[in-house]
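Enquirer: Before I ask anything, let me first share the structure, which is written out below as structure tokens.
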Amino acid sequence: MKIKKYSHIKSTIAIARASFKSILRSPSAVVFSLLFPLIFIVVFGFIGGGGITVDVGLDNKSDTINPIYKTLNQIKVVHFVVEDDKTMNQDLEKGRIDAVINIQKNPNGLPAYFVNVKYTEASKEKGSILKSVLSNVILPINTKANDAPPPVAELRETTISGREYKTIDFILPGQLGFALLSTGVFGTAFVFISLRLTLVIKRFFATPVTKASIVLGEAIARIVFALFTAIFIILVGHFAFGFTLINGFTTVVNMLILSTLGLIVFLGFGLAVSGVAKNESIVPPIANIITLPQFLLSGTFFSISAFPTWLQPISRALPLTYLNDALRKVAFEGATLWDVHHQILILLIWGIGIYALAVKVFKWE
322 MKIKKYSHIK STIAIARASF KSILRSPSAV VFSLLFPLIF IVVFGFIGGG GITVDVGLDN
382 KSDTINPIYK TLNQIKVVHF VVEDDKTMNQ DLEKGRIDAV INIQKNPNGL PAYFVNVKYT
442 EASKEKGSIL KSVLSNVILP INTKANDAPP PVAELRETTI SGREYKTIDF ILPGQLGFAL
502 LSTGVFGTAF VFISLRLTLV IKRFFATPVT KASIVLGEAI ARIVFALFTA IFIILVGHFA
562 FGFTLINGFT TVVNMLILST LGLIVFLGFG LAVSGVAKNE SIVPPIANII TLPQFLLSGT
622 FFSISAFPTW LQPISRALPL TYLNDALRKV AFEGATLWDV HHQILILLIW GIGIYALAVK
682 VFKWE
């Protein structure tokens with residue numbers, strides 16, 4: 322009788338299949354990876370965000386020594402953004418800012434200032450708010466200066482084409498990133514510590530199954546589950562709430578590639594946690610130390626620019642920040658994977674570091 326040669330590939334696939342089935346049977350995996358992010362997407366999709374803020378780019382050539390700018394700078398609704406002209410115009414077209422303002426002194430006398438404001442067709446709502454604010458600022462200045470024309474300041478408006486940047490376009494990539502983080506850290510940590518405590522790994526070692534097959538099998542199962550989760554979240558966001566997929570199918574593929582890369586990095590965190598934790602009750606506190614700061618500080622709900630200045634460097638050091646940023650650029654701006662190579666590089670550096678740590682602390686028995 323001919324003995325069949327043992328196949329490590331088949332054993333890896335068998336472990337992956339069994340692990341995938343166990344994930345589907347786990348209520349916590351479904352809640353944290355699928356339902357929890359979906360709830361936030363639905364809520365933000367319906368309410369469309371919170372308080373009103375108009376992000377206004379300040380032209381580099383703008384006069385800032387005038388009463389109009391000084392008054393606008395004190396109004397909470399108006400948030401000035403200062404960057405180079407090329408970046409500012411790109412941000413306006415891509416919906417990152419709502420308008421660009423350029424206040425110029427009139428060399429010919431009165432009116433003393435021309436207030437040049439540039440909007441996009443997609444920012445009409447915010448543009449109307451800014452116009453109302455400007456009118457309320459300019460009118461008292463003109464009235465105070467003289468009771469009759471000519472006025473001290475004159476408002477000039479320009480509208481260019483642009484895409485609407487909806488709340489869902491910011492929220493969905495953040496929730497997708499959080500789902501991947503939860504799957505990678507909690508799922509991996511719990512499964513390996515469970516396999517170790519129940520002596521399943523010891524039983525594996527009594528067979529020809531290799532350590533690599535065990536790790537790869539578990540990783541494949543989580544990657545497949547995460548990709549299904551990502552596809553579901555993206556499709557619900559797109560068809561139910563108008564989430565922007567600027568290049569259609571190509572955008573979805575690029576988002577899935579980024580999701581896979583992000584999950585592989587987060588799996589390293591899970592392996593490290595399972596190595597440090599001595600039992601299952603220790604896993605949640607350690608895992609939360611890793612996931613909670615990233616959930617709150619990585620731009621999941623709010624832009625990092627809204628955080629205090631001292632907190633922003635911490636936010637920019639977290640891996641989830643770069644995954645969220647890359648997903649948003651690909652989905653809304655139509656960026657290619659090469660365009661987000663900086664974010665990918667940071668994720669790879671994090672991956673190398675965390676897997677180096679995981680190798681040191683991970684225990685098989």
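Residue numbers (my numbering): 322 to 686. Virtual Cβ for every residue (Gly too), placed ideally from N, Cα, C. These numbers were taken from a predicted model, which means no experiment stands behind them.
Count the other CB atoms, across all protein chains shown, that sit within 10 Å of the CB of VAL682; report buried if there are 16 or more and exposed otherwise.
Expert: exposed
Enquirer: What are the start and end residues of the beta strand (DSSP E) that includes GLN425?
Expert: 420-426
Enquirer: Which residue marks the beginning of the alpha helix (DSSP H) containing PHE435, and which one marks its end?
Expert: Under the DSSP assignment, PHE435 falls outside any alpha helix (DSSP H), being part of the beta strand (DSSP E) whose first and last residues are 434-441.
Enquirer: Quick check: what's the CA-CA separation for ILE665 versus GLY569?
Expert: Rounded to whole angstroms, the gap between the alpha carbons of ILE665 and GLY569 is 21 Å.
Enquirer: Helix or strand or just coil, what does DSSP make of ILE368?
Expert: Its pLDDT being 47, under 50, ILE368 is placed unreliably by the model, and the measurement read from it follows with that caveat. Looking at ILE368 - three-state DSSP - the assignment turns out to be helix.
Enquirer: What whole-angstrom Cβ distance do ALA500 and THR550 have, given they're in contact under 8 Å?
Expert: Yes, they are in contact, since the Cβ atoms of ALA500 and THR550 sit about 6 Å apart, within 8 Å.
Enquirer: Determine the DSSP secondary structure at PHE683, reduced to helix, strand or coil.
Expert: coil
Enquirer: Using a C-beta cutoff of 8 Å, does ALA647 count as contacting chain C?
Expert: Any reference to chain C falls outside this structure, which holds one protein chain only.
Enquirer: Per DSSP, HIS400 is paired with what?
Expert: ASP376
Enquirer: Measuring only the C-alpha atoms, how far is ILE585 from GLN615?
Expert: 16 Å
Enquirer: Quick check on DSSP: helix, strand or coil for VAL545?
Expert: helix
Enquirer: Closer than 6 Å by C-beta to ILE418: which residues in its own chain qualify, once you throw out the five before and the five after it? Chain order, please.
Expert: ASP376, GLY378, VAL402, ASP412
Enquirer: Give me the Cα-Cα distance between GLY591 and PHE526, rounded to the nearest whole angstrom.
Expert: 22 Å
Enquirer: Assuming ALA337 and ALA510 are in contact, meaning their beta carbons sit under 8 Å apart, how far apart are those beta carbons, in whole angstroms?
Expert: At roughly 18 Å, the Cβ-Cβ gap does not stay under 8 Å, so ALA337 and ALA510 are not in contact.
Enquirer: GLY583 and GLY498 - do their beta-carbons sit closer together than 8 Å?
Expert: yes
Enquirer: To the nearest angstrom, how far is it from the Cα of LEU520 to the Cα of ILE635?
Expert: Just so you know, the alpha carbons of LEU520 and ILE635 end up roughly 40 Å apart.
Enquirer: Return the residue from the list LEU431, ASN609, PHE623, ILE567 that minimises the CA-CA distance to GLY505.
Expert: Among LEU431, ASN609, PHE623, ILE567, the Cα nearest to that of GLY505 belongs to ASN609.
Enquirer: Got a sec, what are the start and stop residues for the alpha helix (DSSP H) LEU502 sits in?
Expert: 488-503
Enquirer: Between which two residues does the alpha helix (DSSP H) containing ARG517 stretch?
Expert: 509-518
Enquirer: Which residues in the same chain as LYS415 place their Cβ atom closer than 6 Å to its Cβ, once the five residues preceding and following it in sequence are excluded?
Expert: GLU654
Enquirer: Taking buried to mean at least 16 other C-beta atoms within 10 Å of its own C-beta, is PHE560 buried or exposed?
Expert: exposed
Enquirer: Considering just the uninterrupted stretch of the alpha helix (DSSP H) at ILE578, what are its terminal residues?
Expert: Residues 570-597.
Enquirer: Counting C-beta neighbours from all protein chains within 10 Å, is the total for ASN405 16 or more, i.e. buried, or is it exposed?
Expert: The sequence given here places Asp at residue 405; Asn does not occur at that position. Exposed, by the Cβ-count rule.
Enquirer: Tell me the rounded alpha-carbon separation between THR374 and LEU588.
Expert: 38 Å
Enquirer: Can you tell me whether DSSP reads LEU644 as helix, strand or coil?
Expert: helix
Enquirer: Hey, would you say the C-beta of ALA335 is under 7 Å away from at least one heavy atom of the ligand COA?
Expert: In the structure shown, the ligand COA is absent, as is every other ligand, since no ligand is present at all.
Enquirer: For ASP646 and ALA652, what's the separation of their Cα atoms in angstroms?
Expert: So the alpha carbons of these two residues sit roughly 10 Å apart.
Enquirer: Quick one, which of LEU648, PHE564, ILE389, ILE611 has its alpha-carbon nearest VAL438's?
Expert: ILE389
Enquirer: Determine the contact status of VAL399 and VAL454, defining contact as a CB-CB distance below 8 Å.
Expert: Contact: yes.
Enquirer: Nearest-angstrom Cα distance between ILE603 and ALA677?
Expert: ILE603 and ALA677 have their alpha carbons spaced roughly 22 Å apart.
Enquirer: Report the rounded CA-to-CA distance for SER619 versus LEU431, giving the unit in angstroms.
Expert: 49 Å
Enquirer: Along the chain, where does the alpha helix (DSSP H) that runs through ARG637 open and close?
Expert: Run containing ARG637: none; DSSP gives neither H nor E here.
Enquirer: Below 8 Å between beta carbons: does that hold for ILE492 and GLU601?
Expert: no
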